[in-house]
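Reviewing the structure listed below.
4 protein chains.
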Amino acid sequence: MPAYQYVHDVMLRDCEPSGIVFLPRYFDMVHTVIENWLDEALDWPISQILGSDGLTMPFVNINAEFPAPSRLGDRLTWRLSVRELRRSSLWIELSATTGAERRVTITGTLVLSEAIALRTRRWPDPIAERIKEYLVAAEAKSGKQVAE
Amino acid sequence: MPAYQYVHDVMLRDCEPSGIVFLPRYFDMVHTVIENWLDEALDWPISQILGSDGLTMPFVNINAEFPAPSRLGDRLTWRLSVRELRRSSLWIELSATTGAERRVTITGTLVLSEAIALRTRRWPDPIAERIKEYLVAAEAKSGKQVAE
Amino acid sequence: MPAYQYVHDVMLRDCEPSGIVFLPRYFDMVHTVIENWLDEALDWPISQILGSDGLTMPFVNINAEFPAPSRLGDRLTWRLSVRELRRSSLWIELSATTGAERRVTITGTLVLSEAIALRTRRWPDPIAERIKEYLVAAEAKSGKQVAE
Amino acid sequence: MPAYQYVHDVMLRDCEPSGIVFLPRYFDMVHTVIENWLDEALDWPISQILGSDGLTMPFVNINAEFPAPSRLGDRLTWRLSVRELRRSSLWIELSATTGAERRVTITGTLVLSEAIALRTRRWPDPIAERIKEYLVAAEAKSGKQVAE
């Protein structure tokens, strides 16, 4: 299975007074997973993307389901896969589980853009090659959009 | 038009080094809008919901589109409306615009729950009455889910 | 009294599961107060400082006391004054109170720098003039460093 | 040398549009270091402290120096030591370096308190024993307060 994995233990900064993870903090985790994937799996650190490459990679859409809340101290195992690699965008899926329980399912589209003009840009070829290693099989993404 | 409005100027804490708003910070703004709506429009401050009422109100799903990026200093006008009021949940929509330009469109479902057991709870009647003032007309939400 | 004031109600994003404000969130508030002061009192918005002016203004030191914790829903009245205006830096003090109770006292030094090279820069003259309106009287800052 | 170490690579969420770390994010890192130290070195995870133990551990003061800014992608090596173990509080020091360059020096006091009443509490004996392993030698903290 071609998923990149990242483990995050829920910390004080992630939680609100109910003791559960505060929605925006899930998206901080999502970005942490993506930045670590870019660095470790694609060998393309975000500091290079924004720095010498003069690029940026914002989300243009995101869909998320939170079937169960997470609490302080929970160990979340995040998985990232690629649903589709397009000319200058990437449709990715992420999930977070604690043991057998699903906590988060997210799909979203990242667009590669010039940092100044925000015009879209083609993926550099060696990066596109490495991204393909995380593509989910075609049948895995048929059915409903956020199916596992 | 039954939308609650909230103006937020994009600050340093909202932006990443590309100079554009960092995705998770949009969701911080979303929560700020919701908490101000609860307080000002529903007269039901979050400190009471989590405090004496012993309740919490997490998102169980969220769909967001970001047609254009926002930058430091942009004045975002947020609007919140209710698409559907259910027994113990709320399907809301939020948008953020700068002038005539749409920056964010979000729909999501909040569930009213007991803070400890996280069992769902009916909306208190007076709160439900006030929520109804923000319901969008039926025709406005036909068509695609995140239509304006 | 030459203090700039800013009111902030403690929100979900500010608090951790104990129900009290999470230390780093106080520093988010500090930055919100400073950015609003720059904009409203000095007519020098942070988007201009970092944008067309090509400058930045990081802290080089900060001292803070938290005599009592703050909780969700507390109304914090922040006050900002200037203890000393130097060639390219600013020694400021901020405090937050709820009613008669002091919650935070902070002093810190901001340095005006070029955004790229991070070399220090003199304050523009009209800005320096406006800053002087927030100077605390000499006697007020004698004695201990964080005296009110 | 009795310091606990924690490595953090500066990420998008840590930085503002100047490309340097945003002050409040340093304090997020400080808390991450402390929570990992509590868990890994003291075997006393924050989820237990706030959960079954019914305690909390807020800062009552903090002093910080930032001799040089940090940028996206910088690898920060954080070190935590204990300057003084008191009945119900802890005077700690933290530093962050990148290579030979000092980026942050922080000292601060954490107070162990009951989560509800916020009355101070004695350190549990086994925890106090483990804390002592991180005490800096007496001579190391003489002289100026934030000496290494």
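Residue numbers (our numbering), protein chains in the order written: chain A, 39 to 186; chain B, 39 to 186; chain C, 39 to 186; chain D, 39 to 186.
Cβ coordinates follow ideal geometry from the N, Cα and C atoms, glycine included.
Closest by C-alpha distance to residue i, when choosing among the options
i, options, result
"residue 119/D", "145/D, 140/D and 113/D", "145/D"
"residue 100/D", "143/D, 51/D and 81/D", "143/D"
"residue 103/D", "61/D, 111/D and 152/D", "61/D"
"residue 132/D", "57/D, 83/D and 174/D", "174/D"
"residue 95/C", "117/C, 130/C and 109/C", "130/C"
"residue 164/B", "76/B, 97/B and 44/B", "76/B"
"residue 156/B", "148/A, 109/A and 63/A", "109/A"
Distance between residue j and residue i (C-alpha atoms, nearest Å)
i, j, result
"residue 189/A", "residue 115/A", "Past the edges of chain A, shown from 39 to 186, lies residue 189/A, and the structure says nothing about it."
"residue 168/D", "residue 53/C", "29 Å"
"residue 161/C", "residue 59/B", "28 Å"
"residue 87/D", "residue 158/D", "14 Å"
"residue 80/C", "residue 71/B", "28 Å"
"residue 123/C", "residue 171/D", "44 Å"
"residue 48/B", "residue 137/B", "14 Å"
"residue 68/B", "residue 128/C", "34 Å"
"residue 139/A", "residue 74/D", "24 Å"
"residue 65/D", "residue 166/A", "37 Å"
"residue 150/B", "residue 90/B", "15 Å"
"residue 55/C", "residue 56/A", "6 Å"
"residue 112/B", "residue 106/A", "35 Å"
"residue 154/B", "residue 93/B", "8 Å"
"residue 50/D", "residue 83/B", "32 Å"
"residue 97/D", "residue 40/D", "22 Å"
"residue 135/C", "residue 141/C", "5 Å"
"residue 46/B", "residue 121/D", "42 Å"
"residue 78/A", "residue 44/A", "11 Å"
"residue 63/C", "residue 147/A", "30 Å"
"residue 85/A", "residue 117/C", "37 Å"
"residue 152/A", "residue 125/A", "14 Å"
Closer than 7 Å: residue i CB and nearest the ligand ZN heavy atom
i, result
"residue 129/B", "As far as ligands go, the structure on display features none, and thus does not contain the ligand ZN."
Where the alpha helix (DSSP H) containing residue i begins and where it ends
i, result
"residue 64/C", "61-78"
Helix, strand or coil at residue i according to DSSP, with G and I counted as helix
i, result
"residue 90/A", "coil"
"residue 121/D", "strand"
"residue 113/A", "strand"
"residue 152/D", "strand"
"residue 167/D", "helix"
"residue 108/B", "coil"
"residue 140/C", "strand"
"residue 56/B", "coil"
"residue 133/A", "strand"
"residue 85/D", "helix"
"residue 182/B", "With a pLDDT of only 43 at residue 182/B, under the threshold of 50, the placement of this residue in the model should not be trusted; the figure read from the coordinates follows. In the structure shown, residue 182/B sits in coil (DSSP, three-state: anything other than H, G, I, E or B)."
Start and end residues, beta strand (DSSP E) containing residue i
i, result
"residue 42/A", "42-47"
"residue 102/A", "97-103"
Under 7 Å from the C-beta of residue i: neighbouring residues of chain E
i, result
"residue 107/B", "Among the chains of the structure shown, chain E does not appear; the protein chains present are A, B, C and D."
What residues from the stretch 48-72 of chain C come within 8 Å of chain A, judged by C-beta to C-beta, listed N to C?
-> 50, 51, 53, 54, 55, 56, 57, 60 and 62
Name the residues in the stretch 109-132 of chain C whose C-beta lies less than 7 Å from a C-beta of chain D; which are they?
-> none
Identify each residue in the stretch 93-104 of chain A for which the Cβ-Cβ distance to at least one residue of chain B is less than 8 Å, and report them in chain order.
-> 94, 96, 97, 98, 99, 100, 101, 102, 103 and 104
If you measure beta-carbon to beta-carbon, which residues of the stretch 145-178 of chain C are closer than 8 Å to chain B?
-> Against chain B - using a Cβ distance shorter than 8 Å - the stretch 145-178 of chain C contributes no residues.
Name the residues in the stretch 80-91 of chain A whose C-beta lies less than 7 Å from a C-beta of chain B; which are they?
-> 88
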